[in-house]
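2 protein chains.
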Amino acid sequence: MSKKRSTIRDVARRAKVAPITVSRVVNNSGYISTETRQRVEAAIQELNYIPNTLAQSLRHQKTNMVALIVTDITNPFWTTVARGVEDVCNAHNVNVIFCNTDEQQQKLDNYVNLLMQRQIDGLIIVPTEGYAGEMLENMLANHVPSIILDRILPDWHHHTVVRGDSVTGGYILTKHLLDLGHRRIMMLSGSSSVSTGLERAEGYRRALLEYGVTPDPALLRFGKFTQQSGYDITIEMLDRIHPRPTAILTANNFIAVGSQKALDDRGVDIPGEISLATYDDLPAQLNPRPFLTTVIQDPYAMGQEAAQRLITLLTDSSSHPIQDIVLPVRLIIRASTAPPRQT
Amino acid sequence: MSKKRSTIRDVARRAKVAPITVSRVVNNSGYISTETRQRVEAAIQELNYIPNTLAQSLRHQKTNMVALIVTDITNPFWTTVARGVEDVCNAHNVNVIFCNTDEQQQKLDNYVNLLMQRQIDGLIIVPTEGYAGEMLENMLANHVPSIILDRILPDWHHHTVVRGDSVTGGYILTKHLLDLGHRRIMMLSGSSSVSTGLERAEGYRRALLEYGVTPDPALLRFGKFTQQSGYDITIEMLDRIHPRPTAILTANNFIAVGSQKALDDRGVDIPGEISLATYDDLPAQLNPRPFLTTVIQDPYAMGQEAAQRLITLLTDSSSHPIQDIVLPVRLIIRASTAPPRQT
DNA sequence: CTGAAAGCGCTTACAG
DNA sequence: CTGAAAGCGCTTACAG
Chain C
0 MSKKRSTIRD
10 VARRAKVAPI
20 TVSRVVNNSG
30 YISTETRQRV
40 EAAIQELNYI
50 PNTLAQSLRH
60 QKTNMVALIV
70 TDITNPFWTT
80 VARGVEDVCN
90 AHNVNVIFCN
100 TDEQQQKLDN
110 YVNLLMQRQI
120 DGLIIVPTEG
130 YAGEMLENML
140 ANHVPSIILD
150 RILPDWHHHT
160 VVRGDSVTGG
170 YILTKHLLDL
180 GHRRIMMLSG
190 SSSVSTGLER
200 AEGYRRALLE
210 YGVTPDPALL
220 RFGKFTQQSG
230 YDITIEMLDR
240 IHPRPTAILT
250 ANNFIAVGSQ
260 KALDDRGVDI
270 PGEISLATYD
280 DLPAQLNPRP
290 FLTTVIQDPY
300 AMGQEAAQRL
310 ITLLTDSSSH
320 PIQDIVLPVR
330 LIIRASTAPP
340 RQT
Chain S
0 MSKKRSTIRD
10 VARRAKVAPI
20 TVSRVVNNSG
30 YISTETRQRV
40 EAAIQELNYI
50 PNTLAQSLRH
60 QKTNMVALIV
70 TDITNPFWTT
80 VARGVEDVCN
90 AHNVNVIFCN
100 TDEQQQKLDN
110 YVNLLMQRQI
120 DGLIIVPTEG
130 YAGEMLENML
140 ANHVPSIILD
150 RILPDWHHHT
160 VVRGDSVTGG
170 YILTKHLLDL
180 GHRRIMMLSG
190 SSSVSTGLER
200 AEGYRRALLE
210 YGVTPDPALL
220 RFGKFTQQSG
230 YDITIEMLDR
240 IHPRPTAILT
250 ANNFIAVGSQ
260 KALDDRGVDI
270 PGEISLATYD
280 DLPAQLNPRP
290 FLTTVIQDPY
300 AMGQEAAQRL
310 ITLLTDSSSH
320 PIQDIVLPVR
330 LIIRASTAPP
340 RQT
């Protein structure tokens with residue numbers, strides 16, 4: 000049963016040529032007489048020969064594989080990013096390995112190590128929250144081209160970063176609520192050890208100040224980028240803060256789902272009693288009733304951009320100035336935000 | 000800049016030993032004197048040495064990599080399956096490559112080919128709709144252990160299959176609606192060239208017959224497993240079929256979202272005017288208001304089961320009776336189904 | 001147009 | 001406990 004697959008030597012023997020000749024046929028390189036080519040192709044057919052990429056890669060010192068490491072594969076945001084990365088890479092004959100860290104630094108370090116062992120050509124990495132491991136140095140020491148995606152970390156000066164404009168995103172969401180007349184606006188951000196969590200909160204603060212509203216520390220909360228976190232903080236707020244805010248702003252789609260659920264559970268009408276606006280959308284496929292006012296990044300474009308940068312790094316390793324690419328965001332107004340009720 | 004990574008020879012030279020000795024240290028195999036081990040480990044540190052898995056795999060004739068090929072990476076059902084696969088495989092020190100076909104046979108064939116070239120140890124495959132390519136023969140000819148997931152195809156007798164019990168699922172969903180008193184029940188299935196689409200419809204038919212209801216061909220429609228398909232068919236039904244059905248049954252989560260959206264757009268109250276029940280849930284993280292009555296499979300368990308079977312195939316290649324593993328389904332009743340309105 | 005030799009980085013099988 | 005030789009499957013660089 001477990002017969003061995005045929006190798007280039009088997010084909011060569013059968014076609015009565017040297018292995019290198021088979022190689023030339025398979026790769027369409029160099030000159031081959033038509034007659035020889037046909038004999039070789041016949042042998043390939045008969046033996047079901049499939050070239051061994053491991054051996055090719057070992058010889059070429061190049062695998063044509065890159066990896067994309069994200070923090071949460073269950074978030075459609077990241078699967079859409081993955082699509083963008085994959086489409087660009089495939090167009091360049093590069094395969095993409097997709098990895099998921101669950102925000103755990105150890106998983107990230109593990110993956111990077113593993114992928115370097117597998118001689119990956121390049122990496123696109125979303126760092127885990129508060130990342131402080133040694134992977135970066137390691138990658139530099141081993142000359143692995145890489146792009147950092149979505150989040151910046153203090154000491155990553157040596158890498159090109161592709162990310163959304165989180166400060167502006169937080170700013171225009173808050174401005175939208177302020178323009179509707181809200182003054183008590185609560186922000187549920189993600190982790191304070193992730194740059195996007197901090198920057199979205201910073202945009203919120205800037206908008207408030209611009210409108211002469213003094214930020215109330217009780218109304219800015221950091222948590223996690225999860226449904227549970229959004230739910231818990233919203234419930235806590237409803238129970239403890241008086242007067243309640245008239246609007247809530249969440250820093251990603253999962254937090255928004257949790258917050259909306261909490262408001263529902265407590266019978267709070269959206270937007271009648273509290274307006275709800277969020278960063279990042281839910282994909283239309285999963286969302287029969289798009290309801291939340293939202294600032295969207297374009298995750299597909301983000302993936303494309305990151306992949307394009309990486310491909311450039313790989314092919315043209317000379318010209319790689321380190322850049323900080325900041326992609327634009329856009330506001331979509333829906334039914335979940337309205338002027339505050341008159342009291 | 001693009002200095003080469005260090006190899007086992009570099010380490011050996013530095014530690015003044017033979018490469019094989021370094022290999023023994025790295026792999027913890029054979030006896031090494033403490034003193035030699037320390038010298039080698041120091042050299043490994045200093046040179047930032049990382050073993051090259053390509054070379055190891057080439058030598059071992061084993062990559063410790065398997066692949067999971069699904070039809071739609073944007074469906075949370077499949078990302079959850081992926082989790083199950085990954086967790087089981089990682090526990091066995093096997094890495095998983097995750098691939099997506101978009102239901103396109105050509106992409107599937109491409110991936111299988113590519114993965115075989117990369118000397119993948121095994122495959123878990125969700126066949127694309129109406130699959131009729133040559134990949135199967137190819138895989139058999141090249142002795143690639145594989146598991147077929149979720150869907151059966153006519154001539155796949157040589158492979159173990161892991162799938163949900165679609166006939167029963169369709170049956171209990173329909174029975175639930177019948178028990179509520181519905182008699183005009185419409186089924187929106189997926190593709191008729193996918194076994195799950197056919198079997199869920201078959202379950203529907205059986206339940207109807209059991210309750211003495213003659214299946215109305217106008218009320219059974221095949222389409223695609225997408226939101227668009229669910230939307231279009233529902234709109235068409237609302238415009239053309241009189242009297243309208245009092246209940247709709249959809250064959251997966253995406254179709255349900257489309258159908259729900261269509262009913263909303265036409266101002267049809269669920270379940271007041273039409274009850275809606277579906278196969279497969281939306282994940283809680285994305286769903287602030289779980290509303291649809293649903294038959295669920297356990298996608299995580301499905302992934303685990305498939306991975307477990309594959310691992311067994313890989314480690315114990317002697318004992319591999321071909322099996323058809325059918326996993327149970329379960330009904331969850333929510334607010335989207337109710338008795339039909341009295342007329 | 002075709003091929004023999006050497007080597008990519010590692011490890012098996014044998015020796016000592 | 002350590003090492004020299006050979007080979008995994010392929011391709012580069014050289015020859016003819």
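Quick mapping for you: the protein sequence lines, in order, are chains C and S.
Counting from 0, one number per residue, gives the positions in the first sequence under numbering that gives the first Met the number 0.
Counting from 0, one number per residue, gives the positions in the second sequence under numbering that gives the first Met the number 0.
Cβ atoms here follow ideal geometry from the backbone N, Cα and C, with glycine treated the same way.
Nothing here was measured: the structure is a model prediction, and the numbers come from that model.
Distance cutoff 8 Å, beta carbons only. Does S:R340 sit that close to anything in chain C?
Along the second sequence, one-based indexing puts residue 340 of chain S at 341. Between S:R340 and chain C, the shortest Cβ-Cβ separation is not below 8 Å.
Bridge partners for S:L275 per DSSP, in chain order?
Residue mapping note: residue 275 of chain S aligns to position 276 of the second sequence, counting from 1. According to DSSP, which records beta bridges pairwise, S:L275 is partnered with S:I247.
C:S1 classed as buried or exposed, judged by whether at least 16 other C-beta atoms fall within 10 angstroms
Reading the first sequence from its first residue, position 2 is the one you call residue 1 of chain C. Note that C:S1 has pLDDT 44, beneath the 50 cutoff, so the model's placement of it is unreliable and no number is given.
In whole angstroms, what separates the C-alpha of S:V16 from that of S:S22?
Locating residue 16 of chain S in the second sequence gives position 17, where the first residue counts as 1. Locating residue 22 of chain S in the second sequence gives position 23, where the first residue counts as 1. Rounded to whole angstroms, S:V16 to S:S22 spans 11 Å at the Cα level.
DSSP three-state call for S:V21: helix, strand or coil?
By one-based count along the second sequence, residue 21 of chain S stands at place 22. Looking at S:V21 - three-state DSSP - the assignment turns out to be helix.
With 16 other CB atoms within 10 Å as the buried threshold, where does S:N252 fall?
Taking the second sequence and counting its residues from 1, the one referred to as residue 252 of chain S is at position 253. By the Cβ-count criterion, S:N252 is buried, with 16 or more other Cβ atoms from all chains shown falling within 10 Å of its own Cβ.
Determine, using beta-carbon pairs with one atom in the region 182-193 of chain C and one in the region 121-138 of chain C, whether at least three such pairs fall under 8 Å.
These segments touch.
Applying the 10 Å Cβ sphere with the 16-neighbour rule, what's the burial state of C:D279?
For the purposes of this step, residue 279 of chain C is taken as residue 280 along the first sequence, with counting starting at 1. C:D279 should be labelled buried.
Can you tell me the Cβ-Cβ gap for C:I68 and C:L107, rounded? I've got them flagged as a contact below 8 Å.
Start at 1 with the first residue of the first sequence, and residue 68 of chain C comes out as number 69. Start at 1 with the first residue of the first sequence, and residue 107 of chain C comes out as number 108. 6 Å between Cβ atoms; contact.
C:M301 versus chain S: which residues are under 9 Å apart at the beta carbon?
Numbered from 1 along the first sequence, position 302 holds the residue referred to as residue 301 of chain C. None at all; the shortest Cβ gap to chain S is about 16 Å.
Considering only residues of the same chain and omitting the five flanking positions on each side of S:P298, which have a CB-CB separation below 6 Å?
Position 299 of the second sequence, counting from 1, holds the residue named residue 298 of chain S. Within the same chain, and ignoring the five residues on either side of S:P298 in sequence, the residues whose Cβ sits closer than 6 Å to its Cβ are F76, T79 and V80.
DSSP puts C:A66 in a beta bridge; with which residues?
Position 67 of the first sequence, counted from the first residue, corresponds to residue 66 of chain C. Beta-bridge pairing by DSSP links C:A66 to C:I96 and C:L122.
Could you give the first and the last residue of the continuous alpha helix (DSSP H) run that contains C:G257?
Here the question's residue 257 of chain C lines up with position 258 in the first sequence. If you look at C:G257, you'll find it in the alpha helix (DSSP H) that goes N252 to D264.
Considering Cα atoms alone, identify which of C:N94, C:R220, C:D86 and C:L139 is closest to C:V111.
To locate residue 111 of chain C, count along the first sequence from 1; it is residue 112. Looking at the Cα atoms, C:L139 is the closest of the given residues.
Counting only beta-carbon separations shorter than 8 Å, does S:H142 have a partner in chain C?
The sequence position of residue 142 of chain S within the second sequence is 143, counting from 1. Taking Cβ atoms only, chain C reaches closer than 8 Å to S:H142, which makes this a yes.
Identity of the residue in C:I147, C:V84, C:K61 and C:D120 nearest C:I324 by Cα:
Indexing the first sequence from 1 puts residue 324 of chain C at position 325. Ranking C:I147, C:V84, C:K61 and C:D120 by CA distance to the CA of C:I324 puts C:I147 first.
Short CB-CB distance (under 8 Å) between C:N47 and chain S:
Reading the first sequence from its first residue, position 48 is the one you call residue 47 of chain C. Yes, C:N47 counts as interfacial toward chain S.
Could you say if the region 221-236 of chain C and the region 256-276 of chain C meet the contact criterion of at least three C-beta pairs nearer than 8 Å?
As far as the Cβ criterion goes, the region 221-236 of chain C touches the region 256-276 of chain C, which means the pair count is three or higher.
Sorted by chain position, which residues of the same chain lie with C-beta nearer than 8 Å to C:I331's C-beta, five sequence neighbours on each side aside?
Position 332 of the first sequence, counted from the start, is the residue given in the question as residue 331 of chain C. Within the same chain, and ignoring the five residues on either side of C:I331 in sequence, the residues whose Cβ sits closer than 8 Å to its Cβ are D280, T292, T293, V294 and I295.
For C:T160, the residue or residues it bridges with in DSSP
Within the first sequence, numbered from 1, the residue matching residue 160 of chain C stands at position 161. A small correction: the amino acid at residue 160 of chain C is Val; Thr does not occupy that position in the sequence shown. Answer by DSSP bridge pairing, in chain order: C:I147 and C:D323.
Given a limit of 9 Å on CB to CB distance, which residues of the region 47-66 of chain C reach chain S?
For the region 47-66 of chain C, the residues whose beta carbon sits under 9 Å from a beta carbon of chain S are, in order, N47, I49, P50, N51, T52, L53, A54, Q55, S56, L57, Q60, T62 and M64.
Excluding five sequence neighbours on each side, which residues of the same chain lie with their C-beta closer than 8 Å to the C-beta of S:P242?
As a working note, residue 242 of chain S is residue 243 in the second sequence. The beta carbon of S:P242 lies closer than 8 Å to those of R183 in the same chain, with the five residues before and after it left out.
Take S:L326 as the anchor and find which of S:P338, S:G83, S:V161 and S:R58 has the nearest alpha-carbon.
Taking the second sequence and counting its residues from 1, one reaches residue 326 of chain S at position 327. Cα-wise, what sits closest to S:L326 is S:V161.
Among all the DSSP beta bridges, which residues are the ones paired with S:I234?
For this step, residue 234 of chain S is matched to residue 235 along the second sequence. Beta-bridge analysis with DSSP links S:I234 to no other residue.
Continuous beta strand (DSSP E) stretch holding C:L218: start and end:
Residue numbering aside, residue 218 of chain C sits at position 219 when the first sequence is read from its first letter. No beta strand (DSSP E) holds C:L218; DSSP gives it neither H nor E.
S:L187, enclosing alpha helix (DSSP H) - first and last residue
For the purposes of this step, residue 187 of chain S is taken as residue 188 along the second sequence, with counting starting at 1. Segment I184 to S188 is the beta strand (DSSP E) holding S:L187; no alpha helix (DSSP H) there.
Going along the region 254-274 of chain S in order, which residues come within less than 7 Å of chain C, judged by CB to CB distance?
Cβ contacts with chain C come from V256, Q259, K260 and D263.
Have a look at S:K3 and S:V10 and give me their C-alpha separation to the nearest angstrom.
As a first step, residue 3 of chain S must be located in the second sequence, where it is residue number 4. As a first step, residue 10 of chain S must be located in the second sequence, where it is residue number 11. About 13 Å.
Contact between the region 95-106 of chain S and the region 35-44 of chain C (3+ Cβ pairs under 8 Å)
Contact fails: fewer than three Cβ-Cβ distances are below 8 Å.
Closer than 8 Å, CB to CB, is S:R4 near chain C or not?
To locate residue 4 of chain S, count along the second sequence from 1; it is residue 5. Yes - at least one Cβ of chain C is within 8 Å of the one on S:R4.
Can you check whether the C-beta of S:M185 is within less than 8 Å of a C-beta belonging to chain C?
Locating residue 185 of chain S in the second sequence gives position 186, where the first residue counts as 1. Not a single C-beta of chain C is nearer than 8 Å to the C-beta of S:M185.
Limits of the unbroken beta strand (DSSP E) element including S:V294
As a first step, residue 294 of chain S is located in the second sequence; it is residue number 295 there, counting from the start. Residues T292 to I295.
In this structure, does DSSP put C:I43 in helix, strand or coil?
As a working mapping, residue 43 of chain C is identified with position 44 in the first sequence. Residue state, collapsed to three classes: helix.
Kindly list, in the order they appear in chain S, the residues whose Cβ is closer than 9 Å to that of C:T73.
If you number the first sequence from 1, residue 73 of chain C lands on position 74. Result: P75, T78, T79, R82, P282, Q284 and L285.
Measure the beta-carbon distance from C:L176 to C:A276 and round it to whole angstroms, keeping in mind my assumption that it falls under 8 Å.
In the first sequence, counting from the first residue as 1, residue 176 of chain C sits at position 177. In the first sequence, counting from the first residue as 1, residue 276 of chain C sits at position 277. About 6 Å; that satisfies the 8 Å criterion.
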